[in-house]
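Novice:
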Amino acid sequence: MNIADPQLALAIPAVGAVLIALCGRWPDVRETVTLATAIALLVVVASLAQLVFAGERPSVTLFSMLPGLSIALTVEPLGMLFGLIASGLWIVNSIYSIGYMRGNNEKNQTRFYVFFAIALACAMGIAFAGNLLTLLLFYEALTIATYPLVAHKGDPNTVRSARVYIGILLTTSIGLLIPAIVWTYIVAGTTDFVAGGILEGNLQGPAVGLLLGLYVFGAGKAAVMPVHRWLPAAMVAPTPVSALLHAVAVVKAGVFTIVKVIVYTFGVDFLFTQPSSSWLVYVAAFTIIAASIVALRQTNLKRLLAYSTIAQLSYVVMATAILKPLSEIGAAIHMVSHAFGKITLFFAVGAIYTASKKTEITQLRGIGRRMPWTMTAFTIGALSMIGVPPTAGFVSKWYILAGSFQADNYVALFTIIASTVLNAAYFLPIVFWAWFSEDTSEPDKQHGEAPVAIIIALTITAALTIAFFFFNGPALELESQLVGRQK
1 MNIADPQLAL AIPAVGAVLI ALCGRWPDVR ETVTLATAIA LLVVVASLAQ LVFAGERPSV
61 TLFSMLPGLS IALTVEPLGM LFGLIASGLW IVNSIYSIGY MRGNNEKNQT RFYVFFAIAL
121 ACAMGIAFAG NLLTLLLFYE ALTIATYPLV AHKGDPNTVR SARVYIGILL TTSIGLLIPA
181 IVWTYIVAGT TDFVAGGILE GNLQGPAVGL LLGLYVFGAG KAAVMPVHRW LPAAMVAPTP
241 VSALLHAVAV VKAGVFTIVK VIVYTFGVDF LFTQPSSSWL VYVAAFTIIA ASIVALRQTN
301 LKRLLAYSTI AQLSYVVMAT AILKPLSEIG AAIHMVSHAF GKITLFFAVG AIYTASKKTE
361 ITQLRGIGRR MPWTMTAFTI GALSMIGVPP TAGFVSKWYI LAGSFQADNY VALFTIIAST
421 VLNAAYFLPI VFWAWFSEDT SEPDKQHGEA PVAIIIALTI TAALTIAFFF FNGPALELES
481 QLVGRQK
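Residue numbers for the sequence shown follow this note's numbering, so the first one is 1 and each next one is one higher.
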């Protein structure tokens, strides 16, 4: 059997979820199955990547419902990038989860690993969706699959927050995303993703901007304000889940949906000719600045990272909305750089909690001396969020800035510069206090590093954050294919 099959990318984590459930009474076996499943998924996705690099577009139709309406998988450059991010980081997140779940004696660990695997199957379905209907199916499944992960602790506060999470995401998708897809099918006669889009000649004027709004706010996982409150609410989840939400699958599914719709449903060239679509740059810019200001006021580490994520996601949205080749590349590359940097930050925050139960920024004074590995990783992740070389964040911001200059878009230019200053304002004090402030911990409460599995995981992601600065050629090649096919 050919392993370069998009169906296998969905089947492997789904089968893995079943095997994990069956091995629940044997923790070591259960976690071995988790790691083996993650590795097998990466092998399949890497095999598909070889075909995409060669210019092929593996595809399969699972079944058809009506003309132009089917459940189908197609592997193209943008989805390939998302698939590589999700499958690659699942391995690292699994290593981290073993240390975190055991180190904190978390309950219901088998359920955690099962739904994590299901969530990855849904993410693969989103990445390789061949049309809007398929994307919607797996988008909704991902929301439902991650609810038990957000509600994992089970206490009343956690359950309330998890209800906010699922309530907002389901309301936006049912109330806005589904009508957008139905409207698209009515006017275009298909929901297929096509290079150059399917709406040119089928929709004009203000209707284009309205349909774009339905897609942008219907994809609530992208957390464009005002549909962002689910993301801070979800911070009640265990840190590996937060990493899944912010770096591996959920938020990436949101911005991926927006980018894919703009590229393959509207078409970049068509949207550029429609004045009614120009509002998106301003909404994304507002989200970036507003979320950064809110992050500046946070005292809880995970809430700070949550608002930082809201801002960083809108970098992708804004870059896509600039509608220039360099900015489109920057949008795709920022999904990678944000994934590496933000998962590193969440891993570090989880390590701090596991070792010391500290959750507040004010508790981190001098902690770098006791947790040097953790705080080195945190520092690297923070510098990447700011966009300082040699980190991944510099690469994506460079392309977004270049696209802004290409379009003479001064709103985007100002937003990137202002938000970079704000990012530095809320990350650099934490780094300074951790490394250069006096340790104020009581002698009987001092501690060392978190369990070794956690340290291994955060070291890997910190190394990836730096490595991407030097070795980003494959990602750029993939997305250059994407831009080239829009011409």
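Backbone N, C-alpha and C fix where the C-beta goes; we use that ideal spot for every residue, glycine too.
Treat the numbers as computed from the prediction; the structure is a model and nothing was measured.
Less than 7 angstroms separating the Cβ of Ile454 from some heavy atom of the ligand NAP?
Specialist: No copy of the ligand NAP appears in this structure; indeed no ligand is present at all.
Novice: Under a Cβ-count criterion, where at least 16 other Cβ atoms within 10 Å of its own Cβ denotes burial, should Lys260 be classed as buried or exposed?
Specialist: Taking the sequence shown and counting its residues from 1, the one referred to as residue 260 is at position 260. When all chains shown are included, Lys260 counts as buried.
Novice: Which residues bound the beta strand (DSSP E) around Thr158?
Specialist: For the purposes of this step, residue 158 is taken as residue 158 along the sequence shown, with counting starting at 1. Taken as a continuous stretch (DSSP letters only), Thr158 belongs to no beta strand (DSSP E), being part of the alpha helix (DSSP H) at Pro156 to Thr172.
Novice: With a CB to CB cut of under 7 angstroms and the five nearest residues on each side skipped, what residues in its chain are close to Ile466?
Specialist: Counted from its first residue, the sequence shown places residue 466 at position 466. Same-chain partners within the cutoff: Ile380, Pro390 and Thr391.
Novice: What's the gap between the Cα of Phe272 and the Cα of Leu120?
Specialist: On the sequence shown, residue 272 is found 272 positions in, with the first residue counted as 1. On the sequence shown, residue 120 is found 120 positions in, with the first residue counted as 1. Cα-Cα distance, rounded: 34 angstroms.
Novice: Is Val388 helix, strand or coil by DSSP?
Specialist: To locate residue 388, count along the sequence shown from 1; it is residue 388. In this structure, Val388 counts as coil in the three-state DSSP scheme.
Novice: Alpha carbon to alpha carbon, how far is Gly197 from Gly99? Give it in angstroms, no decimals.
Specialist: Locating residue 99 in the sequence shown gives position 99, counting from the first residue. Locating residue 197 in the sequence shown gives position 197, counting from the first residue. Rounded to whole angstroms, Gly99 to Gly197 spans 45 angstroms at the Cα level.
Novice: Out of Ser242, Ala332, Gly209 and Val255, which one is the CA nearest neighbour of Gln274?
Specialist: Within the sequence shown, numbered from 1, the residue matching residue 274 stands at position 274. Per the Cα distances, Gly209.
Novice: Can you tell me where the beta strand (DSSP E) holding Val60 begins and where it ends?
Specialist: One-based indexing of the sequence shown puts residue 60 at position 60. Element bounds for Val60: Ser59 to Leu66.
Novice: Around the Cβ of Pro13, are there at least 16 other Cβ atoms within 10 angstroms (buried) or fewer (exposed)?
Specialist: Counting from 1 along the sequence shown, the entry for residue 13 is found at position 13. Label assigned to Pro13: buried.
Novice: Assign Lys487 to one of two classes, buried (16 or more other C-beta atoms within 10 Å of its C-beta) or exposed (fewer than that).
Specialist: For this step, residue 487 is matched to residue 487 along the sequence shown. Model confidence at Lys487 stands at a pLDDT of 44, short of 50, so the residue's coordinates are unreliable; what they give is reported in the following sentence. So Lys487 counts as exposed.
Novice: Let me check understanding here. Comparing Cα to Cα, which of Asp408, Asn93 and Ile416 lies closest to Ser314?
Specialist: As a first step, residue 314 must be located in the sequence shown, where it is residue number 314. Selected option, being the one with the closest Cα: Ile416.
Novice: Hey, how far is the Cα of Pro474 from the Cα of Thr420?
Specialist: As a first step, residue 474 must be located in the sequence shown, where it is residue number 474. As a first step, residue 420 must be located in the sequence shown, where it is residue number 420. About 26 angstroms.
Novice: Do Ala453 and Tyr113 come within 8 angstroms of each other at the CB atom, strictly closer than that value?
Specialist: Residue mapping note: residue 113 aligns to position 113 of the sequence shown, counting from 1. Residue mapping note: residue 453 aligns to position 453 of the sequence shown, counting from 1. Against a cut-off of 8 angstroms, the Cβ pair of Ala453 and Tyr113 comes out as no contact.
Novice: According to DSSP, is Thr273 part of a helix, a strand, or is it coil?
Specialist: Along the sequence shown, read from residue 1 onward, the residue named residue 273 stands at position 273. Three-state DSSP puts Thr273 in coil, outside helix and strand.
Novice: Distance, Cα to Cα, Trp90 vs Phe63?
Specialist: If you number the sequence shown from 1, residue 90 lands on position 90. If you number the sequence shown from 1, residue 63 lands on position 63. Roughly 29 angstroms separates the two Cα atoms.
Novice: By Cβ distance below 6 angstroms, which residues in the same chain neighbour Gly16 in space, the five residues on each side in sequence not counted?
Specialist: For this step, residue 16 is matched to residue 16 along the sequence shown. Closer than 6 angstroms at the Cβ level, and outside the excluded window around Gly16, lie Thr37 and Ala117.
Novice: Ignoring anything shorter than 3 residues, give me the beta strand (DSSP E) runs that lie fully in the region 75-151, in order along the chain.
Specialist: none
Novice: Give, in chain order, every unbroken run of the alpha helix (DSSP H) that is at least 4 residues long and sits entirely within the region 193-230.
Specialist: 206-218
Novice: Could you compute how far the alpha carbon of His228 sits from the alpha carbon of Thr299?
Specialist: Counted from its first residue, the sequence shown places residue 228 at position 228. Counted from its first residue, the sequence shown places residue 299 at position 299. Spanning the two alpha carbons is a distance of roughly 19 angstroms.
Novice: Quick one: grab the DSSP three-state call for Ile12.
Specialist: One-based indexing of the sequence shown puts residue 12 at position 12. Ile12 falls in the helix class under three-state DSSP.
Novice: Taking Pro451 as part of the alpha helix (DSSP H), name the residues at either end of that continuous run.
Specialist: Taking the sequence shown and counting its residues from 1, one reaches residue 451 at position 451. That residue, Pro451, is in no alpha helix (DSSP H); it is neither H nor E in DSSP.
Novice: Taking the straight line between their C-alpha atoms, what separation do you get for Phe414 and Leu19?
Specialist: As a position in the sequence shown, residue 414 is number 414, starting the count at 1. As a position in the sequence shown, residue 19 is number 19, starting the count at 1. The alpha-carbon atoms of Phe414 and Leu19 are separated by roughly 51 angstroms.
Novice: Report the rounded CA-to-CA distance for Ala339 versus Phe286, giving the unit in angstroms.
Specialist: Taking the first residue of the sequence shown as 1, we reach residue 339 at position 339. Taking the first residue of the sequence shown as 1, we reach residue 286 at position 286. Cα to Cα, the separation comes out at about 22 angstroms.
Novice: Based on Cα-Cα distance, which residue from Phe471, Thr320, Asn108 and Gly167 lies nearest to Met335?
Specialist: Numbered from its first residue, the sequence shown carries residue 335 at position 335. Selected option, being the one with the closest Cα: Thr320.
Novice: Look up Asn300 in the DSSP assignment and give the residues it is bridged to.
Specialist: In the sequence shown, counting from the first residue as 1, residue 300 sits at position 300. For Asn300, which the question treats as bridged, DSSP gives the partners Glu360.
Novice: Roughly how many angstroms lie between the CA atoms of Ala151 and Phe115, to the nearest whole one?
Specialist: Taking the first residue of the sequence shown as 1, we reach residue 151 at position 151. Taking the first residue of the sequence shown as 1, we reach residue 115 at position 115. Straight-line Cα distance between these residues: approximately 12 angstroms.
Novice: Give me the Cα-Cα distance between Trp373 and Leu212, rounded to the nearest whole angstrom.
Specialist: For the purposes of this step, residue 373 is taken as the residue at position 373 of the sequence shown. For the purposes of this step, residue 212 is taken as the residue at position 212 of the sequence shown. So the alpha carbons of these two residues sit roughly 44 angstroms apart.
Novice: Give the straight-line distance between the Cα atoms of Trp398 and Leu476, rounded to the nearest whole angstrom.
Specialist: By one-based count along the sequence shown, residue 398 stands at place 398. By one-based count along the sequence shown, residue 476 stands at place 476. Computed Cα separation, rounded: 13 angstroms.
Novice: Identify the continuous alpha helix (DSSP H) that holds Thr440 and give its terminal residues.
Specialist: If you number the sequence shown from 1, residue 440 lands on position 440. Element bounds for Thr440: n/a, residue is neither H nor E.
Novice: Return the bridge partner residues of Ala72 from the DSSP annotation.
Specialist: Against the sequence shown, residue 72 aligns to sequence position 72. Looking at the DSSP assignment, Ala72 forms a beta bridge with Thr61.
Novice: Would you kindly work out how many angstroms separate the C-alpha atoms of Gly130 and Ser356, rounded to a whole number?
Specialist: Reading the sequence shown from its first residue, position 130 is the one you call residue 130. Reading the sequence shown from its first residue, position 356 is the one you call residue 356. The alpha-carbon atoms of Gly130 and Ser356 are separated by roughly 46 angstroms.
Novice: Evaluate Ile174 with the Cβ neighbour count: other Cβ atoms within 10 Å of its Cβ, from every protein chain shown; 16 or more gives buried, anything less gives exposed.
Specialist: As a first step, residue 174 must be located in the sequence shown, where it is residue number 174. Ile174 comes out exposed.
Novice: If we count the other Cβ atoms within 10 Å of its Cβ and call it buried at 16 or more, is Val159 buried or exposed?
Specialist: By one-based count along the sequence shown, residue 159 stands at place 159. So Val159 ends up on the exposed side.
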